[in-house]
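Numbering (this note's numbering), first residue to last: -10 to 447.
Beta carbons are placed, not taken as given, at the ideal position from N, Cα and C, and that holds for glycine.
These notes are about the structure you will find just below.
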């Protein structure tokens, strides 16, 4: 919602909005743009706007403001539908070349990385990124003067109660990047087959001259592509991909990798972010750049400007006692494993403490065993109560306490600290020093503890 609001503001629209009072990572970007939402939802917030855009949260189409708009015959769009309309150029009377970044994991980082590379090469793209500020870009949304429209493409439902259409089906890209396909959103999808079918439907919307750029080592992506007959470019570690990693190394907080295509070396690339997963994200960006005609050397330089995104293995700082603190949006077992693997590679001799806030009852229940095993490589795990989504009802058959019971044999120290205030007290009491790395993980509000655990000013 925030990137859409920012784009509308840059298009000289008058933008108003409503939200709950809770603070979110996107608030800073709105404030910087001079957009101050009303606190709470009320009919009087809807005067006579030309268009109302609603999220699926906070009642979605049943929200009082949406209902008020409909009663006044004011057009209403879901956020997913509006993003598709923006990309098509319907709202602003412009034609764009759409580039959609889809996948269970890695969407936000890949979208931000691609937008950064295009910006650094003076192509001034329009972009929509589902996070707070991105260091290399500033705001997560921008209406550029260039022809490219880069958007994160989410497979979640348009409006979970009334319209289960996957959000990305509203988009109309010329290029679609697929980073991976895994089972997620069990409140919407009954199986991995249903998830894969949604992605298949998405890529089949591409025009005849469109291009799919896909992670070829992914089993579900390979399954999906068997019946796809338009242009596909694959990348990965397996030599049968069109773009192949020859080597990936980590040096401090920098990542180096070498790639080859059809037997020809494309040389070395460097990133100012760590993790093998970011090498994969970057390779998708490199291929996209080449497809758009950006010279390889300019792509190489453009990638160097990317310094990460908000809540994506974001370095927060050091505590007053010297422990390093990171934060990540990781809310799926695969994402957790990836973050832990990256930190272990970066800090092989340090004690890593994971603070995890499970997100939604449905996901926690469906992936219960996988969550229990996803922390196997570290000694200390702290689990808080489940952060319940407003879109689902409580489920007493699943809990953080039950999760921990099956984890005690896998770790030296597993702690159940139900409230974030309990976590803050524990961390402050332990006074972890320079031999420790603390990482907060989850799609809820676990990141809010950072202000209370004594992070040093830079």
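Alpha helix (DSSP H) segment containing residue i, residue limits
i	result
residue 362	357 to 362
residue 75	68 to 77
residue 396	Counting along the chain, residue 396 falls outside any alpha helix (DSSP H), and DSSP gives it neither H nor E.
residue 278	265 to 280
residue 291	285 to 293
residue 109	96 to 109
residue 307	It is not in any alpha helix (DSSP H) - residue 307 instead sits in the beta strand (DSSP E) that spans 303 to 307.
Rounded C-alpha distance that separates residue i from residue j
i	j	result
residue 361	residue 426	21 Å
residue 30	residue 254	56 Å
residue -7	residue 307	34 Å
residue 236	residue 118	29 Å
residue 470	residue 268	No statement about residue 470 is possible, as the shown extent of the chain runs from -10 to 447 and does not include it.
residue 376	residue 158	28 Å
residue 102	residue 295	6 Å
residue 59	residue 34	13 Å
residue 140	residue 166	10 Å
residue 0	residue 41	16 Å
residue 104	residue 342	33 Å
residue 305	residue 393	27 Å
residue 430	residue 348	10 Å
residue 231	residue 287	21 Å
residue 384	residue 351	8 Å
residue 260	residue 244	5 Å
Collapsed DSSP secondary structure at residue i in the structure displayed
i	result
residue 181	helix
residue 23	coil
residue 257	strand
residue 415	helix
residue 448	Residue numbering for the chain in the displayed model covers -10 to 447; residue 448 lies beyond these limits and cannot be assessed.
residue 234	strand
residue 212	helix
residue -10	coil
residue 189	helix
residue 388	coil
residue 118	coil
residue 369	strand
residue 161	coil
residue 331	helix
residue 8	strand
residue 321	coil
The ligand COA heavy atom lying under 7 Å from the CB of residue i
i	result
residue 352	This structure lacks the ligand COA; in fact it carries no ligand of any kind.
8 Å CB neighbourhood of residue i in its chain, flanking five on each side removed
i	result
residue 171	93, 94, 181, 184, 209, 321 and 323
residue 154	69, 146 and 147
residue 397	403
residue 211	205
residue 325	319, 343, 345, 360, 363, 364 and 430
N-terminal and C-terminal residue of the beta strand (DSSP E) that residue i is part of
i	result
residue 249	243 to 250
residue 137	137 to 142
residue 220	220 to 225
residue 155	152 to 155
residue 429	425 to 430
residue 33	Taken as a continuous stretch (DSSP letters only), residue 33 belongs to no beta strand (DSSP E), as it is neither H nor E.
Residue i classed as buried or exposed, judged by whether at least 16 other C-beta atoms fall within 10 angstroms
i	result
residue 161	buried
residue 129	buried
residue 11	exposed
residue 418	exposed
residue 52	buried
residue 382	exposed
residue 191	buried
residue 9	exposed
residue 300	buried
residue 248	buried
residue 179	exposed
residue 25	exposed
residue 121	buried
Cβ-based neighbour list, residue i, same chain, cut-off 6 Å, excluding 5 preceding and 5 following
i	result
residue 331	263 and 264
residue 74	80
residue 409	438
residue 135	112, 113 and 114
residue -5	22, 128 and 130
residue 416	442
Proximity test, Cβ basis, 8 Å: residue i and chain D
i	result
residue 63	Among the chains in the structure shown there is no chain D, since it carries only a single protein chain.
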